[in-house]
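In what follows, a structure is listed as structure tokens, so that the remarks can point back to it.
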Amino acid sequence: MFAQKHIVVLIDPAEESALAVRKASRLARIDKARLTLFASGYNATLASNHPLNPDTADQAKDAYMRRLMEGLETIADIARNDGVEVTTKGVWDKHAGPALMNFIEEEPVDMVVKATHHQNVIQRTFFSQTDWELIRHCPVPLLLTKANAWNDPIRLTAAVDPVQANDKPDTLDEHIVRWGKDFATHLGGRLELLHVYDPTPLLIYLDQPTIDSADISEEIREQHEQALAKLAQDHDIPKDQTVLETGSTLSVIPEHLHQTNTDMVIMGAVARSGLERWLLGHTAEKILDRITVDILIVK
1 MFAQKHIVVL IDPAEESALA VRKASRLARI DKARLTLFAS GYNATLASNH
51 PLNPDTADQA KDAYMRRLME GLETIADIAR NDGVEVTTKG VWDKHAGPAL
101 MNFIEEEPVD MVVKATHHQN VIQRTFFSQT DWELIRHCPV PLLLTKANAW
151 NDPIRLTAAV DPVQANDKPD TLDEHIVRWG KDFATHLGGR LELLHVYDPT
201 PLLIYLDQPT IDSADISEEI REQHEQALAK LAQDHDIPKD QTVLETGSTL
251 SVIPEHLHQT NTDMVIMGAV ARSGLERWLL GHTAEKILDR ITVDILIVK
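Numbers 1 to 299, taken from UniProt numbering, label the letters of the sequence shown in order.
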């Protein structure tokens with residue numbers, strides 16, 4: 001599965017991207033993939049051509065794009081010094097997300113990497129409009145990095161929900177686990193499977209005098225334990241690398257990732273029928289900004 005031949009790093013000229021490039025470089029060295037550093041540039045004043053005449057406006061745009069490309073070349077040296085083949089691509093476009101989607105339509109791309117920034121004061125990651133566009137529309141695996149270097153060995157967590165998986169032979173959970181195993185193998189790390197479920201809504205609904213809630217709770221847990229154990233067994237994941245937690249996923253998943261010093265969590269998205277959009281699910285999208293580690297979204 002990990003057959004990466006072309007990895008694109010989306011660079012925001014206004015943000016720090018060096019660590020994201022270093023991580024992409026490490027991934028590129030696995031299969032001798034090439035990197036493309038992609039950035040879009042736009043200036044509303046230059047775009048309006050006012051008060052400049054057309055020739056002067058074009059010269060100003062050219063100068064603006066030259067500075068953009070010079071910045072990309074400087075960042076590219078980070079990966080080139082690791083022996084990675086790197087090209088740079090700058091386009092004049094107000095919207096980086098759609099610009100990158102157009103690029104992906106024209107040239108095969110196996111993965112997109114982009115830096116995001118977690119705000120420690122408010123304990124949230126600030127996702128820009130571009131970030132959300134990529135989360136919902138990028139057709140290839142998307143790695144959203146944070147400002148934390150990876151541990152050695154790297155620690156990976158696959159966030160799965162085997163009880164909700166359908167009966168198809170190639171479920172989303174299986175896809176997530178395969179990606180996690182490939183990353184662990186190629187990066188020399190350890191993968192754990194994390195499944196979090198919240199029995200509260202069902203227990204409230206079943207809160208009747210004739211029903212023993214303790215028995216119901218145990219029955220629910222056994223169901224989730226068995227589903228997680230089967231998923232792990234199917235993919236040769238040892239039992240001590242599986243974690244079953246109860247509680248709200250909104251708080252339990254981010255807290256677990258933080259407490260275990262995980263480097264990357266792997267989550268899955270599915271295509272929504274009839275729309276050019278990938279869905280993580282309502283709950284998953286709500287916890288993204290609470291996660292302090294790198295997020296790999298596989299499609």
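All C-beta atoms, glycine included, are put in the ideal place defined by N, C-alpha and C. Note that this is a predicted model, so its numbers are computed, not measured.
Query raised in the report: Using a Cβ-Cβ cut-off of 6 Å (strictly less than) and excluding sequence neighbours within five positions of GLY180, which residues of its own chain qualify?
Result: Taking the first residue of the sequence shown as position 1, residue 180 is located at position 180. Within its own chain, the residues whose Cβ lies closer than 6 Å to the Cβ of GLY180, once the five positions on either side in sequence are excluded, are LEU156, ALA158, LEU191, ILE266, listed in chain order.
Query raised in the report: How about ARG22 and ILE78: do their beta carbons lie closer than 9 Å?
Result: For the purposes of this step, residue 22 is taken as residue 22 along the sequence shown, with counting starting at 1. For the purposes of this step, residue 78 is taken as residue 78 along the sequence shown, with counting starting at 1. Yes. Within cutoff.
Query raised in the report: Which residue comes first and which comes last in the alpha helix (DSSP H) that contains SER40?
Result: On the sequence shown, residue 40 is found 40 positions in, with the first residue counted as 1. Run containing SER40: none in the alpha helix (DSSP H); it sits in the beta strand (DSSP E), 34–41.
Requested in this report: Can you tell me which of the three DSSP states GLU73 falls into?
Outcome: As a first step, residue 73 is located in the sequence shown; it is residue number 73 there, counting from the start. Helix, per DSSP.
Report task. Report the three-state DSSP secondary structure of ALA184 (helix, strand or coil). Result -> Counting from 1 along the sequence shown, the entry for residue 184 is found at position 184. Of the three classes helix, strand and coil, the one that applies to ALA184 here is helix, per DSSP.
Requested in this report: Identify, in the order they occur along the chain, each residue of the same chain with its Cβ nearer than 6 Å to the Cβ of GLN241, setting aside the five sequence neighbours on each side.
Outcome: Numbered from its first residue, the sequence shown carries residue 241 at position 241. In its chain, beyond the 5 residues on either side, GLU192 have a beta carbon closer than 6 Å to the beta carbon of GLN241.
Query raised in the report: Using DSSP with H/G/I as helix, E/B as strand and the rest coil, what is HIS224?
Result: Taking the first residue of the sequence shown as position 1, residue 224 is located at position 224. Three-state DSSP puts HIS224 in a helix.
Query raised in the report: Does DSSP put THR130 in a helix, in a strand, or in coil?
Result: Stepping through the sequence shown from its first residue, residue 130 is reached at position 130. THR130: helix per DSSP, three-state reduction.
**Report entry** Per-residue burial, THR262 [other beta carbons within 10 Å of its own, 16 or more giving buried]
**Finding:** The residue labelled residue 262 in the question sits at position 262 within the sequence shown. It is buried - the Cβ of THR262 has at least 16 other Cβ atoms within 10 Å.
Query raised in the report: Would you call the stretch 244–264 and the stretch 216–230 in contact, with 3 or more CB pairs under 8 Å?
Result: Cβ pair count under 8 Å is three or more, so yes.
**Report entry** Per-residue burial, THR145 [other beta carbons within 10 Å of its own, 16 or more giving buried]
**Finding:** What you label residue 145 is simply residue 145 of the sequence shown in a count that begins at 1. Buried is the call here.
Query raised in the report: So is SER17 buried or exposed if we call it buried at 16+ other beta carbons inside 10 Å?
Result: Along the sequence shown, one-based indexing puts residue 17 at 17. Answer is buried; the Cβ neighbour count reaches 16.
**Report entry** Between the CA atoms of VAL86 and VAL177 - distance to the nearest angstrom
**Finding:** By 1-based counting over the sequence shown, the position of residue 177 is 177. By 1-based counting over the sequence shown, the position of residue 86 is 86. Their Cα atoms are separated by approximately 30 Å.
Report task. Identify, in the order they occur along the chain, each residue of the same chain with its Cβ nearer than 6 Å to the Cβ of LYS94, setting aside the five sequence neighbours on each side. Result -> Taking the first residue of the sequence shown as position 1, residue 94 is located at position 94. Taking C-beta separations shorter than 6 Å and ignoring five residues to either side along the sequence, the partners of LYS94 in its chain run TYR42, following chain order.
Query raised in the report: What first and last residue would you give for the alpha helix (DSSP H) that runs through HIS258?
Result: Your numbering for residue 258 matches position 258 in the sequence shown. Where HIS258 is concerned, the enclosing alpha helix (DSSP H) stretches over 249–259.
Query raised in the report: To the nearest angstrom, how far is it from the Cα of GLU133 to the Cα of PRO139?
Result: Walking along the sequence shown from the start, residue 133 turns up at place 133. Walking along the sequence shown from the start, residue 139 turns up at place 139. Rounded to the nearest angstrom, the two C-alpha atoms are 11 Å apart.
Query raised in the report: Can you name the start and end residues of the alpha helix (DSSP H) that ALA18 belongs to?
Result: Working through the sequence shown from its first residue, we reach residue 18 at position 18. Counting along the chain, the unbroken alpha helix (DSSP H) around ALA18 starts and ends at 18–31.
Query - Delimiting residues of the beta strand (DSSP E) encompassing THR145 - result: For the purposes of this step, residue 145 is identified with residue 145 of the sequence shown, where counting begins at 1. First-last of the beta strand (DSSP E) with THR145: 142–145.
Report task. Look at the Cβ atom of ILE7, then the Cβ atom of LEU72, and state whether they are nearer than 9 Å. Result -> Position 7 of the sequence shown, counted from the start, is the residue given in the question as residue 7. Position 72 of the sequence shown, counted from the start, is the residue given in the question as residue 72. Using a Cβ distance threshold of 9 Å, ILE7 and LEU72 do not count as a contacting pair.
Query raised in the report: Assuming GLN223 and VAL163 make a contact with CB atoms under 8 Å, what is their CB distance in whole Å?
Result: In the sequence shown, residue 223 corresponds to position 223, counting from 1. In the sequence shown, residue 163 corresponds to position 163, counting from 1. Contact between GLN223 and VAL163 holds, with the beta-carbon distance rounding to 6 Å and staying under 8 Å.
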